[in-house]
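To start, the structure under review is shown below, and the notes come after it.
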Amino acid sequence: MKFVTRPPIDANGVGHGGDDLDEALFAFFRSEMPHPWPRLQLPNSAPPAPLLHLAQLAPAPSRRPWFRSPRFALAASLALLIGGYALMSAALTPPAQPDNPSLTGETANTKWNKKDMEDQDPIEDENLDVHEWLEQGKFGGTYHMELTPKK
Amino acid sequence: MSTLAVTAAPSAGWVNKRTMNPSPRSAGNQHADFEGLYQRHSREVWALAYARWMNADTAMDITQEAFLRLWKQWEAGEQIANPRAWLLRVARNLAEDHAKSAFRRNGTSPPQAMNDVRADDPLPIEMLEREETFAQLRDVLGQMPEADREILTLRYALDYDTNEIAEMLAINATAVHMRLSRARQRLADRLKAQGVGQLP
Chain A
-15 MKFVTRPPID
-5 ANGVGHGGDD
5 LDEALFAFFR
15 SEMPHPWPRL
25 QLPNSAPPAP
35 LLHLAQLAPA
45 PSRRPWFRSP
55 RFALAASLAL
65 LIGGYALMSA
75 ALTPPAQPDN
85 PSLTGETANT
95 KWNKKDMEDQ
105 DPIEDENLDV
115 HEWLEQGKFG
125 GTYHMELTPK
135 K
Chain B
1060 MSTLAVTAAP
1070 SAGWVNKRTM
1080 NPSPRSAGNQ
1090 HADFEGLYQR
1100 HSREVWALAY
1110 ARWMNADTAM
1120 DITQEAFLRL
1130 WKQWEAGEQI
1140 ANPRAWLLRV
1150 ARNLAEDHAK
1160 SAFRRNGTSP
1170 PQAMNDVRAD
1180 DPLPIEMLER
1190 EETFAQLRDV
1200 LGQMPEADRE
1210 ILTLRYALDY
1220 DTNEIAEMLA
1230 INATAVHMRL
1240 SRARQRLADR
1250 LKAQGVGQLP
């Protein structure tokens, strides 16, 4: 059996000068390589995205009615959200403080705000009886004030 | 108009880049660029896969798959600065994946056991001798370390010189020379041990 004779192969410092083993290996590997070399099989697809014009990549103008567009849906959702929040805020706001709070009944625990305290001194309220006294204790004095509705 | 263009570089593959290009390349040109890439690097990819499996058809399947994946990456707009390195890395991974699937198919039988199956067509005596020698070579190569097969494939299948092998394997020329010499010596020893001392 004869192999194709090749020129020496150690011109670049590789191999052993075209001996039998080299020739056998060249012939073997060449026989293993596909011949002719197969062509590239690419799927039939659109041109790669980076190669398209930007105009081609832009979305086509929509023919849907304006009220079915996604932007309209988003705007409507936001409007409903804000409107609902405002409505709920108004509905759940606590009732206004009475102008003349008393310490009786259901308003006994109502806290007065600072403005109410400035505008109206409960001590001078004609509807209240005020009793004040000072109790002297071991560690200091305690001031007591009792307000009772006038009978 | 702002476009995205792909330019083919002569040696390092192609580079994706944004550019202001008034006349973008057509899809046909892009196919041609990719075809050029295939022509430049497909044999290297094939050689790596072949060195792993010692099977030309499997190696070609892996080569085609690697290029197909690169094409898909390209389609997806991924930027691959060094397609050659990308292809070689993907080919290695595919070859390993094939190892797992081949093991499932063949059980513990090495894939090389099926490589010698040939058609029953009568062959001239010289062809028969040649096929027998090649079968012995294939068998011995299949028993060698993958690194040896790899460097032998690059040298003898692609006819690469020291510098080309060094660049592809990312090692220096001295290491290439040493590895290649040792691989050849191991191959010769194994052939001799199997009684294939008289090469044609």
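Those protein sequence lines, which keep their order, are chains A and B. Oh and the first sequence: position 97 is 81 in my numbering, straight run, nothing missing. Oh and the second sequence: position 26 is 1085 in my numbering, straight run, nothing missing. Every residue gets a Cβ at the ideal spot worked out from N, C-alpha and C, and that includes glycine.
Residue nearest to E1226/B within the set R1245/B, I1184/B, A1144/B, Y1109/B is A1144/B (criterion: CA-CA distance). Below the 7 Å Cβ cutoff, chain B contributes no neighbours of P20/A, its closest Cβ being approximately 12 Å away. Put simply, the CB of H1090/B is near chain A, with a gap under 9 Å to one of its CB atoms.
For L1107/B, the secondary structure class from DSSP, reduced to helix, strand or coil, is helix. Shortest Cα-Cα distance from H19/A to any of V1104/B, D1116/B, R1111/B involves D1116/B. With fewer than 16 other Cβ atoms from the protein chains shown falling within 10 Å of its own Cβ, D113/A counts as exposed. Residues of chain A with a Cβ closer than 8 Å to the Cβ of M1203/B do not exist, since the nearest Cβ in that chain sits about 12 Å away.
In this structure the stretch 1243 to 1254 of chain B touches the stretch 1200 to 1219 of chain B; the number of beta carbon pairs closer than 8 Å is three or more.
Per DSSP, T1212/B is one residue of the alpha helix (DSSP H) stretching across 1205 to 1215. Residue contact with chain B for P54/A: absent (no Cβ-Cβ distance below 9 Å to any residue of chain B).
Straight through space, the alpha carbons of L1127/B and L58/A are spaced by roughly 41 Å. In terms of CA proximity to R1197/B, F12/A leads the group D6/A, F12/A, L5/A, D4/A. Counting only Cβ-Cβ distances below 7 Å, E1094/B has contacts in chain A at L24, in chain order. Y1219/B carries a coil assignment under DSSP once its states are collapsed to helix, strand and coil. The beta carbon of F13/A falls within 9 Å of a beta carbon belonging to chain B, placing the residue at that interface.
For M17/A, the nearest CB of chain B lies under 9 Å from its own CB, placing it at the interface with that chain.
Note that the C-beta distance between A1216/B and Y1097/B is not below 9 Å.
Per the C-alpha coordinates, the member of R1148/B, H1100/B, A1106/B positioned closest to S15/A is A1106/B.
The DSSP-derived three-state label of L1147/B is helix. Residue contact with chain A for Q1253/B: absent (no Cβ-Cβ distance below 9 Å to any residue of chain A). Rounded to the nearest whole angstrom, the CA to CA distance from E1188/B to M17/A is 19 Å. For A1216/B, the neighbours in chain A by C-beta distance under 8 Å run, in chain order, F13, R14, E16, M17. With fewer than 16 other CB atoms across the displayed protein chains lying within 10 angstroms of its CB, W50/A is exposed.
Residue burial annotation: R1111/B is buried, with at least 16 other C-beta atoms found within 10 angstroms of its C-beta.
Note on geometry: alpha-carbon atoms of A1154/B and E1103/B lie some 14 Å from one another. In the DSSP annotation of this structure, the continuous segment of the alpha helix (DSSP H) that includes Q1195/B starts and ends at 1184 to 1202. At least 9 Å separates the CB of P78/A from every CB of chain B. Here A1234/B is not near N1222/B, since their CB atoms are 9 Å or more apart. Within 10 angstroms of the beta-carbon of R1214/B lie 16 or more other beta-carbons, which makes it buried.
Legend: CB atoms of the stretch 1186 to 1197 of chain B lying less than 8 Å from CB atoms of chain A belong to residues E1188, R1189, T1192, F1193, L1196, R1197. L5/A and M1119/B have their alpha carbons spaced roughly 26 Å apart. Spatial neighbours of L1250/B in its own chain (CB-CB distance under 6 Å, excluding positions within 5 residues in sequence) are listed in chain order as V1199. Its chain contains H128 as the residues whose beta carbon lies nearer than 7 Å to that of W117/A, once the 5 sequence neighbours on both sides are disregarded; these appear in chain order. Under the three-state reduction of DSSP output, L9/A falls in the helix class. With a threshold of 9 Å between beta carbons, P49/A makes no contact with chain B.
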